[in-house]
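Visitor:
In this note's numbering, the protein residues as written are 1 to 216.
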């Protein structure tokens, strides 16, 4: 979609009460939107339609609404704590930010940089003079690992033991509750578990990201 068309769409959505910029009277906050009167009705209608079709009307599926906080051991076991990050670099010329692995992949699809160290990634970009797709220059910062989970503290004392994460996806809530659900519903495999729930991921620019995920 062209930039002008997107701008018109966003303006229409705000004018008609679908969405408003988050914290607008205090200069806003990047990547945050509040649903207006029309938007919240539309969102609820979509949720209800999906829930009725895939959960209530299906003899094979059941619902779940899991907590947004989980024991950090869940995210350690799933590998999120150790590896759920993106290697990002900034162009010093035009100040745009890019995933280093995607730049390498665009340059040579046969090269797979997954598992490379930051030093190896930077060296490959320098050796092959890979350029910024925005300005065409090859002048980048070092690679920085961008975490894709929001970290916070639970409790009144801030220490390492109080660290928890806002979930970056909703599937883990289904996985850890599988035995509970199977026992209480007496369902036999295969069966489905669905939920409509919030997830949170930091944005790659200032501010953060997140949304509501449909997880069948």
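The beta-carbon is built from N, C-alpha and C at its ideal position, and this holds for glycine as well.
How should residue 197 be labelled, buried or exposed, when 16 other C-beta atoms within 10 angstroms of its C-beta is the threshold for buried?
Guide: buried
Visitor: Do residue 29 and residue 22 have their C-beta atoms within less than 8 Å of each other?
Guide: yes
Visitor: If we call anything under 8 Å between Cβ atoms a contact, is residue 164 one with residue 84?
Guide: no
Visitor: Who are residue 69's beta bridge partners in DSSP?
Guide: 166
Visitor: Just to confirm the assignment, what range does the beta strand (DSSP E) spanning residue 152 have?
Guide: 150 to 153
Visitor: Could you tell me whether the Cβ atoms of residue 140 and residue 91 are closer together than 8 Å?
Guide: yes
Visitor: Can you list, in chain order, the residues of its chain with a C-beta nearer than 7 Å to that of residue 120? Leave out the 5 residues immediately preceding and following it.
Guide: So the list is empty, once near-sequence residues are dropped.
Visitor: Tell me the DSSP bridge mates of residue 34?
Guide: 20
Visitor: Using CA atoms only, rank isn't needed, just tell me which of 148, 117, 20 is closest to residue 35.
Guide: For the residues 148, 117, 20, the minimum Cα distance to residue 35 belongs to 20.
Visitor: Less than 8 Å between the CB atoms is what I'm expecting for residue 113 and residue 101, so what's the real figure, rounded?
Guide: 5 Å
Visitor: Please return the same chain residues whose Cβ sits closer than 6 Å to the Cβ of residue 32, not counting the five positions on each side in sequence.
Guide: Answer for residue 32: 22, listed in chain order.
Visitor: Using the Cα positions of residue 52 and residue 64, report the straight-line distance between them to the nearest angstrom.
Guide: 14 Å
Visitor: Leaving out five residues before and five after residue 13 in sequence, what residues of the same chain have Cβ atoms less than 8 Å from its Cβ?
Guide: 19, 39
Visitor: Tell me the rounded alpha-carbon separation between residue 201 and residue 184.
Guide: 32 Å
Visitor: Starting from residue 136, follow the beta strand (DSSP E) in both directions and report where the run begins and ends.
Guide: No beta strand (DSSP E) contains residue 136, which DSSP labels as neither H nor E.
Visitor: What does residue 147 pair with, by DSSP beta-bridge criteria?
Guide: 85
Visitor: Taking DSSP as the reference, what is the three-state secondary structure of residue 112?
Guide: coil
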